[in-house]
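In the numbering used here, the protein residues as written are 24 to 161. For each residue, glycine too, the CB sits at the ideal point set by N, CA and C. Keep in mind the model is a prediction, meaning the values are calculated, not measured. These notes concern the structure reproduced below.
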């Protein structure tokens, strides 16, 4: 399942993502991965989750992020949750490529049995209704 955490800047999305990551670690019998741009979540997310900084791997854009997430799923059969902080900072295309990206992630999520959460800095009104994901307003 793909879940979008949607809200404008400063509405508490990152705090919600941190809580979701820590809850997933407590409930998961596998691995939880948190993807971020920069390393600002180091002290907030439990050490039991795998934190990955996209800047270390030069990940930028929806195609590269999709390949990166696919690689994580392919390399680790026991990843149960992947959470992505600041999606639009990693993917400067922002809303333009979001629909195609979430559609591909939905397929990946189903085949790999992985829950994927994307943090989206936008108004819920800006998100196309055709996006096939669970949307949560923060």
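Give every residue of the same chain whose Cβ lies closer than 6 Å to the Cβ of residue i, excluding the five residues on either side of it in the sequence, and list them in chain order.
| i | result |
| --- | --- |
| residue 107 | 58 and 141 |
| residue 120 | 85 |
Can you say whether residue i is buried or exposed, counting buried as having 16 or more other CB atoms within 10 angstroms of its CB?
| i | result |
| --- | --- |
| residue 136 | exposed |
| residue 74 | buried |
| residue 42 | exposed |
| residue 63 | exposed |
Measuring only the C-alpha atoms, how far is residue i from residue j?
| i | j | result |
| --- | --- | --- |
| residue 72 | residue 54 | 7 Å |
| residue 78 | residue 157 | 28 Å |
| residue 67 | residue 46 | 12 Å |
| residue 124 | residue 89 | 7 Å |
Taking 7 Å as the threshold (C-beta atoms), are residue j and residue i in contact?
| i | j | result |
| --- | --- | --- |
| residue 28 | residue 39 | yes |
| residue 129 | residue 56 | no |
| residue 153 | residue 103 | no |
| residue 105 | residue 113 | no |
| residue 111 | residue 144 | yes |
| residue 65 | residue 48 | no |
Excluding the five sequence neighbours on either side, which residues of its own chain have a C-beta within less than 7 Å of the C-beta of residue i, listed in chain order?
| i | result |
| --- | --- |
| residue 146 | 31 |
Suppose the cutoff is 8 Å on Cβ atoms and the five residues either side in sequence are ignored; what does the same chain contact list for residue i look like?
| i | result |
| --- | --- |
| residue 122 | 151, 153 and 154 |
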